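Q: Protein chains in written order, with the working numbering: chain D, 204 to 334; chain H, 246 to 711.
Handing you a structure now.
If you want it as structure tokens, here you go:
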């Protein structure tokens, strides 16, 4: 059973979103996603200042067997990306909700609220996908 | 690997499993209007005996011409062991099978090839080869666009001293990908690309600068200044190099000054044909590409790595495959997912046999032969060297009359006298690109000079009237 922290929000494409002070969020991939991908060998994250569109690919995680796009959960601008992942992509496997975070985004002000799932909804999604 | 064709029974069994009647049923998805019914312009099949005879007759028409043409493909001596080894059964079907790791020998050859190309170009990582030099440059430009994160312009500077055929191929492959290729003129006196010609781009957002060394005219570019200009302007430098010339010239990885721990070209590519591959009517040749480890995930093509198997024995494997089409699909770095196995095998054997010293001797001899050729030909009235810049093994000559009829007359005497530059470089007038490699003897050069002197001795007007 994968770990789904109750204080986070989620996307259908298996990213998690943590609200930060100000109008910012931190984004990563869920425990379920990292387990499905297997050992990561490379993570490509966007540079600070890049404009992101909700639902569009913004990063790539590569395991020994596959490379998968990560989709931005919100419209906004990259404030910071996790520099530690360049040399230690395994952080995503080891601590997907902590040291394995991918990017921090400043959400566009005045836009519509992003369509996200809460922990219970995401757990139901995983249960449905498992069937 | 043995070649095992399917028997009619095999085919019938496979069709039965998938529920198809005939092989043609597998192509039902293609609308019938799009299928060509008959290949009306393709003649009827010939027997092996008939084909053998036809091709021998055609080959005989080539004669044994004395070749002074270069312009991207070069005649070098190929030691007999190169193709004796490359055509052994184990190598001759050098295409990697779909379970590539089953062919450890093939992968080891590619790994050794990659190591040699890295050493030759002074770069950190090489792929397993590309189709040819021109397509390698196109792939290098696309790699630069992916790799240069500091640039958003997708503008690539391609000096006119880059092989014009390469530029055509680059525009064909990359021209529809929203990349702008901009030309940079050369200095008429030296035949070089001057840094001064780049100054007007200072501070602009440019993605890459292509530098060919030696350039299309055979002239040596001032690569140190060009690479330093590129670094200072956050422009990635793509070096297009002749691998034989690297036997004596500075490796692209050492071009320019060291700035912030970085030195040299960012991506290096070129045509591998001079390394043991015969001219053979224009192909197959192979392209090579090397780069910095920093950009390895942006590089196209296969890469072979050395690793340990489950019990700790060393072995070879395809690596970093997540860049490639079979995994990344539409988002792959390139649609190139193969390599030129056989010609790369020949090149690897060629480099192994010659070693660094042998390669340097081939390069030195070729440069010396071309110098002798230029000296001999420019003694003829009406013939002069076009450029003052230092050259490698090619040179542009300016003649006092049109080049095409002269080349035709030389060909009648069994001499391929060079390449007419008139169409591609009209500003140079009657310009002829000549090349002599280590394969040319004193007698060969004298024979060419005699024939050209004879043709030049006919007054221009008289010849024009004839």
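Built from N, CA and C at the ideal position, the CB exists for glycine as well.
Note that this is a predicted model, so its numbers are computed, not measured.
Kindly indicate which three-state DSSP category residue 576 of chain H falls into: helix, strand or coil?
A: Residue 576 of chain H: helix per DSSP, three-state reduction.
Q: Thinking C-beta only, is residue 608 of chain H closer than 8 Å to residue 485 of chain H?
A: It is not a contact, given that the beta carbons lie outside the stated cut-off.
Q: So, at 6 Å on beta carbons, what are the nonlocal neighbours of residue 645 of chain H in its own chain, with the 5 sequence-adjacent residues on each side left out?
A: Within the same chain, residue 645 of chain H has close Cβ partners 627.
Q: The alpha helix (DSSP H) that contains residue 593 of chain H, what's its start and end?
A: Run containing residue 593 of chain H: 586-622, per the alpha helix (DSSP H) assignment.
Q: Pick out the complete alpha helix (DSSP H) segments inside the segment 218-277 of chain D, 4 residues or longer, and give them in chain order.
A: Those alpha helix (DSSP H) runs which fall completely within the segment 218-277 of chain D and span 4+ residues are 234-240.
Q: I'd like to confirm the pairing. Which residues does DSSP put opposite residue 300 of chain D in its beta bridges?
A: Answer is none; residue 300 of chain D lacks a bridge partner.
Q: Report yes or no: is there a C-beta of chain H within less than 8 Å of the C-beta of residue 287 of chain D?
A: Cβ-Cβ to chain H under 8 Å: no for residue 287 of chain D.
Q: Please report whether the beta-carbon of residue 573 of chain H lies at a distance below 8 Å from any beta-carbon of chain D.
A: Yes, its Cβ sits closer than 8 Å to a Cβ of chain D.
Q: Taking buried to mean at least 16 other C-beta atoms within 10 Å of its own C-beta, is residue 683 of chain H buried or exposed?
A: So residue 683 of chain H ends up on the buried side.
Q: Where do the ends of the alpha helix (DSSP H) carrying residue 327 of chain D lie?
A: Here the alpha helix (DSSP H) through residue 327 of chain D covers 322-333.
Q: Taking only beta-carbon atoms, is residue 262 of chain D less than 8 Å away from chain H?
A: No - not a single Cβ of chain H is within 8 Å of the one on residue 262 of chain D.
Q: Between residue 304 of chain D and residue 218 of chain D, is the Cβ-Cβ spacing less than 8 Å?
A: No. Outside cutoff.
Q: With 16 other CB atoms within 10 Å as the buried threshold, where does residue 537 of chain H fall?
A: Per the 10 Å Cβ criterion, buried.
Q: Look at the alpha carbon of residue 617 of chain H and the alpha carbon of residue 681 of chain H, and state the distance between them as a whole number of angstroms.
A: About 9 Å.
Q: Residue 292 of chain D by DSSP, collapsed to three states: which one?
A: Coil.
Q: Does the segment 471-489 of chain H come into contact with the segment 549-564 of chain H, if we say contact requires no fewer than three beta-carbon pairs (one atom in each stretch) closer than 8 Å?
A: Contact between the segment 471-489 of chain H and the segment 549-564 of chain H is absent, because fewer than three Cβ pairs lie under 8 Å.
Q: Which value, in whole angstroms, describes the spacing of the CA atoms of residue 279 of chain D and residue 581 of chain H?
A: Each residue's Cα considered, the two are about 35 Å apart.
Q: So what does DSSP say about residue 269 of chain H, is it helix, strand or coil?
A: Three-state DSSP puts residue 269 of chain H in a helix.
Q: Counting contacts by CB-CB distance shorter than 8 Å, is residue 567 of chain H in contact with chain D?
A: It does; some Cβ of chain D falls within 8 Å.
Q: Going along the chain, which residues of its own chain have a beta-carbon closer than 6 Å to the beta-carbon of residue 357 of chain H, five neighbours each way excluded?
A: Only 593 meet the Cβ criterion.
Q: Can you pull the DSSP bridge partners for residue 561 of chain H?
A: Answer is H:551.
Q: Tell me which residue opens and which closes the alpha helix (DSSP H) that residue 284 of chain D is part of.
A: No alpha helix (DSSP H) contains residue 284 of chain D, which is instead part of the beta strand (DSSP E) from 279-284.
Q: Using a Cβ-Cβ cut-off of 8 Å (strictly less than) and excluding sequence neighbours within five positions of residue 268 of chain H, which residues of its own chain qualify?
A: So the qualifying residues of the chain are 256, 260.
Q: Beta carbons nearer than 7 Å to chain D: which residues of the segment 366-396 of chain H have them?
A: So the close ones are 394.
Q: Is there a C-beta anywhere in chain H that falls below 8 Å from the one on residue 269 of chain D?
A: Judged by the 8 Å Cβ criterion, residue 269 of chain D is in contact with chain H.
Q: Just verifying my parser: in three-state terms, what is the DSSP assignment at residue 371 of chain H?
A: Three-state DSSP puts residue 371 of chain H in a strand.
Q: Please confirm if residue 283 of chain D has its CB atom under 8 Å from at least one CB of chain H.
A: No, because no Cβ of chain H sits closer than 8 Å to the Cβ of residue 283 of chain D.
Q: DSSP on residue 516 of chain H, reduced to helix/strand/coil?
A: It is a strand residue.
Q: Whole angstroms is fine: what's the gap from residue 669 of chain H's alpha carbon to residue 430 of chain H's?
A: One C-alpha to the other measures close to 13 Å.
Q: Indicate whether at least one CB of chain D lies closer than 8 Å to the CB of residue 542 of chain H.
A: Yes, residue 542 of chain H counts as interfacial toward chain D.
Q: According to DSSP, is residue 428 of chain H helix, strand or coil?
A: Looking at residue 428 of chain H - three-state DSSP - the assignment turns out to be strand.
Q: Report yes or no: is there a C-beta of chain D within less than 8 Å of the C-beta of residue 246 of chain H?
A: In this prediction, residue 246 of chain H scores a pLDDT of 45, lower than 50, which makes its location untrustworthy; the coordinate-derived value is nonetheless stated afterwards. Chain D contact via Cβ: absent.
Q: Have a look at the DSSP bridge pairing and note the partners of residue 401 of chain H.
A: Note: residue 401 of chain H sits in a beta bridge opposite H:426, H:453.
Q: Please report whether the beta-carbon of residue 250 of chain D lies at a distance below 8 Å from any beta-carbon of chain H.
A: Yes, contact with chain H.
Q: For the beta strand (DSSP E) holding residue 534 of chain H, just list the boundary residues, first then last.
A: Looking at the DSSP string, the run of the beta strand (DSSP E) that includes residue 534 of chain H is 532-536.
Q: Establish whether the CB of residue 218 of chain D and some CB of chain H are separated by less than 8 Å.
A: So no, residue 218 of chain D is outside the interface.
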